[in-house]
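Enquirer: Have a look at this one.
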Amino acid sequence: MVHGDDVASAFIFLLEYPNAKGRYICSSDMLTLNEMSELLSANHRQLPIPTTEDIQGIRIPGVSSKTLLDAGYKFKYGVDEMFDDAIGCCKEKGFLDFTVDTSC
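Taken in order, the sequence shown gives residues 18 to 121; the numbers are from our numbering.
What follows is the structure, given as structure tokens:
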């Protein structure tokens, strides 16, 4: 999980970092699918967020940004800002419909 601005910033950071070599993982936060579902459900109630029972596959994160952080990079955004900005952008572009179904 990472904000797009942090991806761009990390790329520039590594271009300017004299000891950069190899691959770097850029992920500001590690969330399980359950944590992600709970966060999105709490902050974006108008969206139909699947529960972990609805999702098949690996449910625990398996990546680390330790190498990037050890090089001195600092993330500007957390997972809350990443989701808020991504959902806001999708809403603005018309990719998400925020119509609330009141028939229930």
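Beta carbons are placed, not taken as given, at the ideal position from N, Cα and C, and that holds for glycine. Predicted, not measured: the structure shown is a model, and the values here were computed from it.
1) Excluding the 5 residues preceding and the 5 following Phe100 in the sequence, name in chain order all residues of the same chain whose CB lies nearer than 6 Å to its CB.
2) Cutting at 8 Å between CB atoms, please list the residues of its own chain near Lys93, excluding the five before and the five after it.
3) Do you know offhand how far Cys106's Cα is from Met53's?
4) How many angstroms separate the CA atom of Glu98 from the CA atom of Pro35?
5) Comparing alpha-carbon positions, which option in Leu31, Glu55, Leu86 and Phe112 lies nearest Glu70?
6) Taking DSSP as the reference, what is the three-state secondary structure of Val117?
Expert: This is what the structure gives:
1) The sequence position of residue 100 within the sequence shown is 83, counting from 1. None.
2) Translated into the one-based positions of the sequence shown, residue 93 becomes position 76. Counting only Cβ-Cβ distances below 8 Å, and skipping sequence neighbours, we find His20, Asp22, Asp23 and Ser26.
3) Taking the first residue of the sequence shown as position 1, residue 106 is located at position 89. Taking the first residue of the sequence shown as position 1, residue 53 is located at position 36. Distance between the alpha carbons of Cys106 and Met53: 19 Å.
4) In the sequence shown, counting from the first residue as 1, residue 98 sits at position 81. In the sequence shown, counting from the first residue as 1, residue 35 sits at position 18. Using only the alpha carbons, I get a separation of about 30 Å.
5) Residue mapping note: residue 70 aligns to position 53 of the sequence shown, counting from 1. Selected option, being the one with the closest Cα: Glu55.
6) On the sequence shown, position 100 is the one that residue 117 refers to. Residue confidence for Val117 is low, a pLDDT of 49 falling below 50, so the modelled location carries little weight and cannot support an answer.
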